[in-house]
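Numbering (this note's numbering), first residue to last: 181 to 295.
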């Protein structure tokens, strides 16, 4: 059940990110690049034990491997105890809410009104 909830939050996060990029940039190729970059961004900062030096639990991309987060394997790899299910839901949910709020502010402008 935790894995399913985590994946639903990831879908909400990812869709809101792509929608925000689509509204701001208006280019489908940019949507593809941003979406792909977000999925593989963890490999840019990943190093075994880096959790003791950096606060990787605040990076939403640290939670892409949902099964490993729930099982606790990512805590072992990063050398931290902060990569948990609750922290992941908080970080991903907060980022999704920020993206949706920014989209709301952009859509309130006269240019994006439907009528």
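Ideal Cβ placement from N, Cα and C applies to all residues, glycine included.
Let me confirm a value: residue i is counted as buried when at least 16 other C-beta atoms fall within 10 Å, else exposed. Which label applies?
{"i": "residue 189", "result": "buried"}
{"i": "residue 272", "result": "buried"}
{"i": "residue 263", "result": "buried"}
{"i": "residue 227", "result": "exposed"}
{"i": "residue 217", "result": "exposed"}
{"i": "residue 295", "result": "With a pLDDT of only 47 at residue 295, under 50, the local geometry of the prediction cannot be trusted, and the value read off the model is given with reservation. Residue 295 should be labelled exposed."}
Is residue i near the ligand COA - that is, is its Cβ less than 8 Å away from at least one heavy atom of it?
{"i": "residue 276", "result": "Ligands are entirely absent from the displayed structure, and the ligand COA is therefore not among its contents."}
Report yes if the C-beta distance between residue i and residue j is below 9 Å; otherwise report no.
{"i": "residue 191", "j": "residue 279", "result": "no"}
{"i": "residue 236", "j": "residue 258", "result": "yes"}
{"i": "residue 250", "j": "residue 209", "result": "no"}
{"i": "residue 214", "j": "residue 286", "result": "no"}
{"i": "residue 247", "j": "residue 183", "result": "yes"}
Handout entry: Three-pair Cβ contact test at 8 Å for the stretch 238-246 versus the stretch 265-282
Key = Yes, the stretch 238-246 touches the stretch 265-282.
Problem - contact_flag[the stretch 222-239, the stretch 196-209] where n(CB pairs < 8 Å) is 3 or more - result: In this structure the stretch 222-239 does not lie against the stretch 196-209, because fewer than three pairs of beta carbons, one per stretch, are closer than 8 Å.
Handout entry: Contained alpha helix (DSSP H) runs [length at least 4] in the stretch 225-295, N- to C-terminal order
Key = For the alpha helix (DSSP H) assignment, the uninterrupted runs of no fewer than 4 residues enclosed by the stretch 225-295 are, from N- to C-terminal side, 246-251, 253-258, 265-287.
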